[in-house]
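Trainee: This is the structure, below, for whatever I ask next.
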Amino acid sequence: MAYTKSVPRIWRERIRKYRLLGGVCNDCGKVFYPSRRFCPRCGSGNVNKVTLPRTGKILYFTVIRNAPTEFKSFEPYILALIELDNGARILAQLTDIDLEEVYEGMPVEAVFRKYKEQGRDGVIEYGIKFRPRE
Amino acid sequence: MEKVFIVGIGATKVREHWNLSLRDLMVKSAIKAINNAGINKQDIKAIYIGNMSSGYLQGQEHLGALLATWLGIAGVSACKVEAACGSGGAAFHQAFLAVASGLYDCVMALGVEKMTDAITSDVTSALIMADDQEYVAFTGASFVALNALIYRAYIKEYGVKQEDIALFAVHDHKYAVNNPYAQYRREIKIEDVMNSPLIADPIHLLECAPIGDGSAAIILCNERFLEKKVSDQEGVIEVLSSVLATDIISLHDRDTYITLNATRVASSKAYKMARIEPKDVNVVEVHDAFTILGVISLEDLGFAERGSGWEIVREGEIEIGGKIPTNTMGGLKARGHPVGATGIYQIFDIVTQLRGEAGKNQVDNAEIGLAQNVGGVGGTVIINILKRVR
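Line order of the protein sequences matches chains A and B. Here the first sequence is numbered in the numbering used here, starting from 2 and rising by one per residue. Here the second sequence is numbered in the numbering used here, starting from 25 and rising by one per residue.
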């Protein structure tokens, strides 16, 4: 098994993951997730941290029917590429939704949910999922 | 810069090799390539091993020293090169650089992957390591799922029917029938593809390259070595260009999903370096890990207009006898895709064509061939252009 089971490893990412901390490039204008030192598009270091909006819409989605081992027990589940209201894009699971309900363009909102467990005795890893927005 | 030639190729069949280990596969293809070149193993000054997941799937790293030991040439320069599914192409690129630079006169590029000891979900876990572990794999994404998003984006942009894209799998299987190294030597119909189970909607099982074991090896050398040490001067292939380009690793950070920018960057540089144009290519290997990738790659390589890659498949232009014969030995879908070895199998297949050794699948007078090897969802692309010179 890969060594992804570590408490410090998830602790390090807590702010970017739980608060949806993204970045905005002051040179090319790209808004991205997560935050980082350089803009992924133009390479500029002139970037600011920004808390991303928690609402957006589904650009594309897929239903995962053959999952990686850690996610095997959740099959089938929906994975979506989501565009947030300020243009930032994020990959996340959908929740509180039936497979038949999802469609491209669907309005969604962020919720704090469990993603996986680090084995029987390990910690639970949380993150942002998205659910349909009224 | 030294001219670089290919003088030997060797490969195992791609299949579930229950009786062969990771090291057995490497040794087997290495010996075949050495014998094919007609050289001594001591002539090899360096080995570059393309492999993605030996650590995760076999609990084995340090492949350079392992192969050197089991090949009985400890002392040789040897190490692993990793670029996900592009590892083989990347290893070949390093081998090219080593000879082109003038440092070594003869080297080996070898690819290997041993996948079938693992259960499928562990292979799925291994493959998603090609993307960002913290922000992509963390979400439960599978590698198929990421390609499914590309598929959806393409269908939405161009309004194409899925059957027209899925046809790529049918194409590959047709040519694998005559390839003794291929994993699936039987034809399939478009109905079989569309009726096979969904893996990640809309991608069906038979649109995905299979899991398999395999190893392939290539011997590269400079002109002096070629004239002094190689007895058979027939069927000598020159590497006209070898280019590797990267792109933003994850889809959500990119501005477009319907083109692999790294293919465009690497191929335009490779055409320029080889002083040729797409129309000069006689045979091509594209990295169709999924049908949609085959279609998009034909566009990114300049063989079809944007949004019309599927049309040249449907119209028979990628058949032998067509405008641009593609994946003439079965491609990733049917020859097989032992991930880190694939880039070397592609070179093996192109060399087989350029030497005129492709049997029933021979492309008449094939002189120039191109191989496109992709790592991840296009985070790395390697383009190698080869030409028969003797």
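Cβ coordinates follow ideal geometry from the N, Cα and C atoms, glycine included.
Under a Cβ-count criterion, where at least 16 other Cβ atoms within 10 Å of its own Cβ denotes burial, should A/Leu100 be classed as buried or exposed?
Mentor: It is exposed - the Cβ of A/Leu100 has fewer than 16 other Cβ atoms within 10 Å.
Trainee: Which residue from B/Thr366, B/Lys357 and B/Ser166 puts its Cα closest to that of B/Leu275?
Mentor: It is B/Ser166 whose Cα lies nearest to the Cα of B/Leu275.
Trainee: Only counting runs of 4 or more residues, tell me where the alpha helix (DSSP H) segments fall wholly within the region 112-197 of chain B, in order along the chain.
Mentor: Taking only runs of at least 4 residues, the alpha helix (DSSP H) segments lying wholly in the region 112-197 of chain B are 144-152 and 167-182.
Trainee: Within the continuous alpha helix (DSSP H) that includes B/Glu323, where are the two ends?
Mentor: First-last of the alpha helix (DSSP H) with B/Glu323: Thr315 to Asp324.
Trainee: Bridge partners of B/Ile73, per DSSP?
Mentor: Per DSSP, B/Lys104 and B/Leu134.
Trainee: Keeping to the same chain, check which residues put their C-beta closer than 6 Å to that of B/Tyr208; ignore five residues upstream and five downstream.
Mentor: Correct list, in chain order: Ala200 and Ala358.
Trainee: Please report the distance separating the alpha-carbon of B/Leu121 from that of B/Ala70.
Mentor: Approximately 11 Å, taken between the alpha carbons.
Trainee: I'd like to check one pair, B/Lys198 with B/Glu211: are the Cβ atoms closer than 8 Å?
Mentor: Contact flag set, yes.
Trainee: Kindly provide the ranges of any alpha helix (DSSP H) runs that are 4 or more residues long and lie completely inside the region 247-334 of chain B, ordered along the chain.
Mentor: Complete alpha helix (DSSP H) runs here, min 4: 247-253, 285-298 and 315-324.
Trainee: Given this structure, state the Cα-to-Cα distance separating B/Glu262 from B/Asp373, to the nearest angstrom.
Mentor: The alpha-carbon atoms of B/Glu262 and B/Asp373 are separated by roughly 15 Å.
Trainee: Hey, is B/His117's beta-carbon within less than 8 Å of any beta-carbon in chain A?
Mentor: No, B/His117 does not count as interfacial toward chain A.
Trainee: Can you give me the C-alpha to C-alpha distance between A/Asp28 and B/Leu222, rounded to a whole angstrom?
Mentor: Spanning the two alpha carbons is a distance of roughly 42 Å.
Trainee: How far does the beta strand (DSSP E) with B/Arg18 in it reach, from first residue to last?
Mentor: Summary: the structure shown does not reach residue 18 of chain B, with chain B confined to residues 25 through 414, and so no result is reported for it.
Trainee: On the DSSP letters alone, give me the boundaries of the beta strand (DSSP E) that A/Lys130 sits inside.
Mentor: First-last of the beta strand (DSSP E) with A/Lys130: Ile125 to Pro133.
Trainee: Please tell me whether B/Val160 has its Cβ less than 8 Å away from any Cβ of chain A.
Mentor: Closer than 8 Å to some Cβ of chain A, the Cβ of B/Val160 qualifies, so yes.
Trainee: In chain order, what residues of the same chain have a beta carbon less than 7 Å from the beta carbon of B/Val136, not counting five sequence neighbours either side?
Mentor: Around B/Val136: Leu46, Leu49, Met50, Ile73, Asn75, Ser239, Gly364 and Ala365.
Trainee: Does the distance from the CB of B/Arg412 to the CB of B/Glu381 come in under 8 Å?
Mentor: No. Outside cutoff.
Trainee: Between A/Glu76, A/Tyr61 and A/Ile65, which lies nearest to A/Val109 when the distance is taken from Cα to Cα?
Mentor: Answer by Cα proximity: A/Tyr61.
Trainee: When DSSP builds the beta bridges, which residues end up paired with B/Glu339?
Mentor: Per DSSP, none; premise fails for B/Glu339.
Trainee: Are the C-beta atoms of A/Phe39 and some chain B residue less than 8 Å apart?
Mentor: Not an interface residue.
Trainee: DSSP three-state call for A/Pro9: helix, strand or coil?
Mentor: Reduced to three states, the DSSP call for A/Pro9 is helix.
Trainee: If we require 3 or more residues per run, which beta strand (DSSP E) segments fall completely within the region 65-127 of chain A?
Mentor: For the region 65-127 of chain A, whole beta strand (DSSP E) runs of length 3 or above, ordered along the chain, are 78-85, 90-94 and 108-118.
Trainee: Taking the C-alpha atoms as reference points, what is the distance between B/Ser111 and B/Gly403?
Mentor: Distance between the alpha carbons of B/Ser111 and B/Gly403: 12 Å.
Trainee: Mind checking A/Glu126: buried by the 16 CB within 10 Å criterion, or exposed?
Mentor: A/Glu126 is buried by the Cβ-count criterion.
Trainee: Are there 16 or more other CB atoms within 10 angstroms of the CB of A/Cys25, so buried, or fewer, so exposed?
Mentor: A quick correction: the sequence has Val, not Cys, at residue 25 of chain A. Classification of A/Val25: buried, given that the 10 Å Cβ count is 16 or more.
Trainee: At the level of alpha carbons, what is the spacing between B/Tyr182 and B/Ala224?
Mentor: Approximately 21 Å between the Cα atoms of the pair.
Trainee: Using DSSP with H/G/I as helix, E/B as strand and the rest coil, what is A/Thr1?
Mentor: For residue 1 of chain A there is no data in the structure shown, the boundaries of chain A being 2 and 135.
Trainee: So A/Arg24 is in the alpha helix (DSSP H); what residue range does that whole segment cover?
Mentor: Residue identity check: residue 24 of chain A is Gly in the sequence provided, not Arg. Note, A/Gly24: premise wrong, no alpha helix (DSSP H); beta strand (DSSP E) at Leu22 to Cys26.
Trainee: Less than 8 Å between the beta carbons of B/Thr350 and B/Val387, yes or no?
Mentor: No, the Cβ-Cβ distance between B/Thr350 and B/Val387 is not below 8 Å.
Trainee: Does DSSP classify B/Thr93 as helix, strand or coil?
Mentor: The answer is helix: DSSP assigns B/Thr93 an H, G or I state.
Trainee: To be precise: take each residue of the region 175-191 of chain B, compare its Cβ to all Cβ atoms of chain A, and keep it if any distance is under 9 Å. Which residues remain?
Mentor: Within the region 175-191 of chain B, the residues whose Cβ lies closer than 9 Å to some Cβ of chain A are Tyr175, Arg176, Ala177 and Lys180, listed in chain order.
Trainee: Looking at the secondary structure, which residues open and close the alpha helix (DSSP H) in which B/Phe46 lies?
Mentor: Reading off the sequence shown, one finds Leu at residue 46 of chain B, where the question assumed Phe. Unbroken alpha helix (DSSP H) run through B/Leu46: Leu46 to Ala61.
Trainee: DSSP on B/Tyr199, reduced to helix/strand/coil?
Mentor: Looking at B/Tyr199 - three-state DSSP - the assignment turns out to be helix.
Trainee: How far does the beta strand (DSSP E) with B/Gln396 in it reach, from first residue to last?
Mentor: Note, B/Gln396: beta strand (DSSP E), Ile392 to Gly399.
Trainee: When Cβ atoms are compared, which residues of the region 4-19 of chain A fall closer than 7 Å to chain B?
Mentor: Within the region 4-19 of chain A, the residues whose Cβ lies closer than 7 Å to some Cβ of chain B are Thr5 and Glu14, listed in chain order.
Trainee: Which of the three DSSP states, helix, strand or coil, is assigned to B/Leu78?
Mentor: Correcting the residue identity first, residue 78 of chain B is Ser in this sequence and not Leu. In the structure shown, B/Ser78 sits in a helix (DSSP, three-state: H, G or I).
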